[in-house]
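The next block holds one structure in the form of C-alpha cells; read it before the comments.
Number of protein chains: 2
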Amino acid sequence: MESPKRQIILQTPNLEGAKKAIKTGIARHRTVVIAGSCTVDYDGRASSKLEEGERLIIFKPDGSALVHRPKDYSPVNWQPSGSIFHTRIGKDGLVIRVFRRKERESMVISLTMIQMVAVLDLVDNGDFTLYATEKEMQEAILFKPDILEPGFRPMTKEMAVDPGFIDIIGYDADDILAVVEIKRVKANKKAVEQLKKYMDVIDLDDSRRVRGILVAPDITDNGSELLNQLGYEYKPLTPQECSEILKQKRGTPLTAFFEP
Amino acid sequence: MESPKRQIILQTPNLEGAKKAIKTGIARHRTVVIAGSCTVDYDGRASSKLEEGERLIIFKPDGSALVHRPKDYSPVNWQPSGSIFHTRIGKDGLVIRVFRRKERESMVISLTMIQMVAVLDLVDNGDFTLYATEKEMQEAILFKPDILEPGFRPMTKEMAVDPGFIDIIGYDADDILAVVEIKRVKANKKAVEQLKKYMDVIDLDDSRRVRGILVAPDITDNGSELLNQLGYEYKPLTPQECSEILKQKRGTPLTAFFEP
DNA sequence: CGTGCCAGGTGCCTT
DNA sequence: AAGGCACTTGGCACG
Chain A
190 MESPKRQIIL
200 QTPNLEGAKK
210 AIKTGIARHR
220 TVVIAGSCTV
230 DYDGRASSKL
240 EEGERLIIFK
250 PDGSALVHRP
260 KDYSPVNWQP
270 SGSIFHTRIG
280 KDGLVIRVFR
290 RKERESMVIS
300 LTMIQMVAVL
310 DLVDNGDFTL
320 YATEKEMQEA
330 ILFKPDILEP
340 GFRPMTKEMA
350 VDPGFIDIIG
360 YDADDILAVV
370 EIKRVKANKK
380 AVEQLKKYMD
390 VIDLDDSRRV
400 RGILVAPDIT
410 DNGSELLNQL
420 GYEYKPLTPQ
430 ECSEILKQKR
440 GTPLTAFFEP
Chain B
190 MESPKRQIIL
200 QTPNLEGAKK
210 AIKTGIARHR
220 TVVIAGSCTV
230 DYDGRASSKL
240 EEGERLIIFK
250 PDGSALVHRP
260 KDYSPVNWQP
270 SGSIFHTRIG
280 KDGLVIRVFR
290 RKERESMVIS
300 LTMIQMVAVL
310 DLVDNGDFTL
320 YATEKEMQEA
330 ILFKPDILEP
340 GFRPMTKEMA
350 VDPGFIDIIG
360 YDADDILAVV
370 EIKRVKANKK
380 AVEQLKKYMD
390 VIDLDDSRRV
400 RGILVAPDIT
410 DNGSELLNQL
420 GYEYKPLTPQ
430 ECSEILKQKR
440 GTPLTAFFEP
C-alpha cells in the first residue's frame, strides 16, 4: 500500500490546477503556501485594499491565513486562526475568501498569476520555551527575594485588586509593607501610574506606610520624575539576570532542599 | 539571450543542495521559503528554545526572517528587517544564523531534514490602504463636525499637551470648550483615564467649564462607570461610519467647493 | 463572554 | 535616540 504523498508542489500551475491543489490541501488540513500575483481586500474591524503585486500567501490547518509582501516582519493582510476558506475561479482569477464568523471579518485574495503552490504536511510537536519573561522575573524574586533587597519577604503573588493584579506584595527587613510592580522592559510613566493605581488601593486598606517599588531593567526620565514625585522607589533588575537565577534553581537537585 | 530563472524550487533536497540554493537566494535578494524539520534558538531581549519539529521558514530580501509553526497567526520565532544571514553545514545539519546588530539579537535555525526550498523573485509595488482607522475617525469629525453633535466647531487637532496628544479640541453650540478623545475600538476605563489626564491639563489652564467627550463605537461597563463619575460624556461612533463619510468627501469633486 | 494586561510586541511619528 | 501611542494588535488568564 502506498503512503499518501506528504507534499504537493506545483510550479507555475494554471488557475484550475492551483485551485484543485489548494482545495485539497485545506480539506486535508495541510499547510498551503502560494506565491503569486494578487490583490487583497479586507473588510471587518477595519478595511483595506491592497493593489496588484506578487506575494507569499500561507494558509494553516488551524484556519489562520497570512499574506506577506517581500518585505517587513509583519503580514500586510491576515486572518487569525478559526477562519473558513472558500476557493473558486471567477472573473478576477482564482479567488480565495477567508472568513471569520467571530468578528464578521473577511479577506478576499484574488490571484491572477501563480508562481507556486506548495501543499505541505508539517508535523510539529516540539516544545517551545521562552525565557527572560516578566513571569520569570517574578519567579526569581519569589525564589531569591534578596535580589530585590536584603531581608525582603514576599507574601503574595498576583494579588487581584480593584481590578488589576499586583505582581508581588511583601514585607521588607523593617516589616514595612511593599507593593512591587515588575516590568521586563524599560519602565515609563505608564508603568509608574500602574504602580500608583495599586498603591492607592493598598493605602485605602492600610493606614501604615507602604513602599512602592518598581522593578525594571531601566526607567525613562519621565517615569523617574513621576516616581520621585510620588515617593516610590526604582530597583534595576534585568530579565536575563532573573532567568539565570531560575536556571540555578532548576539545576538544583530536589535532594538539596533536604540537606542542612 | 536567456532571462535569469525567476524561481528555484527544490523538493526534498540534501543539505548541500539546500544550502547552495538558500545562499544564492539571499545573495540575490530573493524571498526564500524553506519547509523542513528544525530547532530554533533565540537570544536577545529575551531568549527561547524551540525543540525539533517541522516548520515553514521565510527569509525576505530586506533581511527579515520568520519561523512559522503549522498553527497560529504569529511566528514562533523571527527577526525584523535589517538582519544578516549566515548559512553553513555543521554537526546539527544546515545551520542558518540570523543576526541583528541593533539589539544584539540572534536566531539560530538548525535544519535536519528539508522538504522544500523555494527561491522566489517577488515583485511587489502595489499600494496598500487601510481604512476605518482612528486617524479616519478624527478626519471625519473635522470634515463634518455635526456627526459629533450639531453645532460643534473643532479648533485644533492633535494638540500636544503635558506630554500627550489631545485628539480634538473645539467649541460646542453653546461656546463651551470640549476635549474629544477618540477610540476606534470599545473604550474601557483606561480610555476614560486618558481623557481625564487631558481634562486635568485643560482645567488648569482654563477656569471655565470644559466638556470631556469620549468618542468610540462602544464602551465597557467599567469605562462607563468612571465616565459618569467624572461627569464626562460618551458619543457612539464607529470607524466604519467615519470611513463612509470620508468616502463622500473624496467623491466630492473639487468644483463643488466653489459652488453656492 | 467581558476586563485587564503582557508581548522578544511592531510600527509611526515627533522632539 | 527617547517618548508617546495606535494596532484588523494577538494571546492568555481570570472572574
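Chains as they are written, first to last, in our numbering: chain A, 190 to 449; chain B, 190 to 449.
Backbone N, C-alpha and C fix where the C-beta goes; we use that ideal spot for every residue, glycine too.
Note that the structure is predicted; figures quoted are calculated from it, not measured.
Kindly indicate the opening and closing residues of the alpha helix (DSSP H) around residue i.
| i | result |
| --- | --- |
| A:N411 | D410 to L419 |
| A:E328 | E323 to F332 |
Run through the DSSP bridge pairs and tell me what residue i is partnered with.
| i | result |
| --- | --- |
| A:F187 | Chain A is shown only over 190 to 449; residue 187 of chain A falls outside these bounds and no answer can be derived. |
| B:Y231 | B:S237 and B:M296 |
| A:Q437 | A:Q437 pairs with nothing; no bridge assigned. |
| A:I358 | A:T345 and A:V368 |
| B:L309 | B:Q196 and B:T220 |
| B:R244 | B:G225 |
| A:E382 | DSSP lists no partner for A:E382. |
| B:V390 | Looking at the DSSP assignment, B:V390 forms no beta bridge with any residue, so it has no partner. |
| A:N377 | A:N377 pairs with nothing; no bridge assigned. |
| A:I336 | DSSP output for A:I336 lists no bridge partner at all. |
| B:G282 | B:G279 |
How should residue i be labelled, buried or exposed, when 16 other C-beta atoms within 10 angstroms of its C-beta is the threshold for buried?
| i | result |
| --- | --- |
| A:Q304 | buried |
| A:D363 | exposed |
| A:D356 | buried |
| B:L419 | exposed |
| A:K436 | exposed |
| A:M190 | For A:M190, the predicted model reports a pLDDT of 48, less than 50, meaning its position is unreliable and no value from the coordinates is stated. |
| B:F354 | exposed |
| A:P406 | buried |
| B:F446 | For B:F446, the pLDDT reaches just 44, beneath the cut-off of 50, and the residue's location in the model is therefore unreliable, although a value from the coordinates is still provided. B:F446 comes out exposed. |
| B:K438 | exposed |
| A:A216 | exposed |
| B:S253 | buried |
| B:Q429 | buried |
| B:V306 | buried |
| A:I285 | buried |
| A:H257 | buried |
| B:V369 | buried |
| B:E347 | exposed |
| B:G206 | exposed |
| A:E448 | The pLDDT assigned to A:E448 is 42, lower than 50, so where the model puts this residue is not dependable, and the model offers no usable value. |
| A:D313 | buried |
| B:A321 | buried |
What distance in whole Å lies between the Cβ atoms of residue j and residue i, which are believed to be in contact at a cut-off of 8 angstroms?
| i | j | result |
| --- | --- | --- |
| A:I408 | A:E422 | About 11 angstroms; that fails the 8 angstroms criterion. |
| B:D287 | B:F274 | In the sequence as presented, Asp is not what sits at residue 287 of chain B; that position holds Val. About 6 angstroms; that satisfies the 8 angstroms criterion. |
| B:P250 | A:K260 | 7 angstroms |
| B:S226 | A:T318 | Not quite, the Cβ-Cβ distance comes to about 18 angstroms (not below 8 angstroms), so this is no contact. |
| B:R289 | B:S272 | 5 angstroms |
| B:I371 | B:V399 | B:I371 to B:V399, Cβ: 17 angstroms. No contact. |
| B:A367 | B:C431 | Not a contact, Cβ separation roughly 18 angstroms. |
| B:L499 | B:L283 | Outside the displayed range of chain B (190 to 449) lies residue 499 of chain B, so it cannot be described from this structure. |
| A:I278 | A:K208 | 6 angstroms |
| A:P343 | A:G359 | 4 angstroms |
| A:V308 | A:T427 | With a Cβ gap of about 44 angstroms, A:V308 and A:T427 do not count as contacting. |
| B:I247 | B:V222 | 6 angstroms |
| B:L416 | B:V381 | 5 angstroms |
| A:Y231 | A:M296 | 5 angstroms |
| A:G315 | B:E240 | 3 angstroms |
What are the boundary residues of the beta strand (DSSP E) that includes residue i?
| i | result |
| --- | --- |
| A:I211 | No beta strand (DSSP E) holds A:I211; the alpha helix (DSSP H) holding it covers L204 to A216. |
| A:T318 | F317 to Y320 |
| B:V404 | V399 to A405 |
| A:P454 | Not covered by the structure: residue 454 of chain A. The range shown for chain A is 190 to 449. |
| B:L255 | A254 to H257 |
| A:N266 | N266 to Q268 |
- Residues of the region 222–254 of chain A with Cβ closer than 8 angstroms to any Cβ of chain B, in chain order: Against chain B - using a Cβ distance shorter than 8 angstroms - the residues of the region 222–254 of chain A are V222, A224, T228, R234, A235, S236, S237, K238, L239, E240, E241, G242, E243, R244, L245, I247, K249, P250, D251 and S253.
- Relative to chain B, which residues along the region 311–344 of chain A have a C-beta separation below 8 angstroms, given in chain order? Cβ contacts with chain B come from L311, V312, D313, N314, G315, D316, F317, T318, L319, Y320, A321 and T322.
- Query: Of the residues that make up the region 377–404 of chain A, which ones have a beta carbon closer than 7 angstroms to any beta carbon in chain B?
  - Reply: Flagged: no residues at all.
- Query: What residues in the region 290–313 of chain A bring their beta carbon closer than 7 angstroms to a beta carbon of chain B?
  - Reply: Under the 7 angstroms Cβ criterion, the region 290–313 of chain A contributes Q304, M305, A307, L309, L311, V312 and D313.
- With 9 angstroms as the limit, tell me which residues of the region 411–429 of chain B have their beta carbon closer than that to any beta carbon of chain A; keep them in chain order. Cβ contacts with chain A come from N411, P428 and Q429.
- Task: Can you give me, in chain order, the residues of the region 258–272 of chain A that have a beta carbon less than 7 angstroms from any beta carbon in chain B?
- Result: Answer in chain order: R258, P259, K260, D261, Y262, V265, W267, P269 and S270.
- Message: Counting only Cβ-Cβ distances shorter than 7 angstroms, please list the residues of the region 200–222 of chain A near chain B, keeping chain order.
- Response: Under the 7 angstroms Cβ criterion, the region 200–222 of chain A contributes Q200, T220 and V222.
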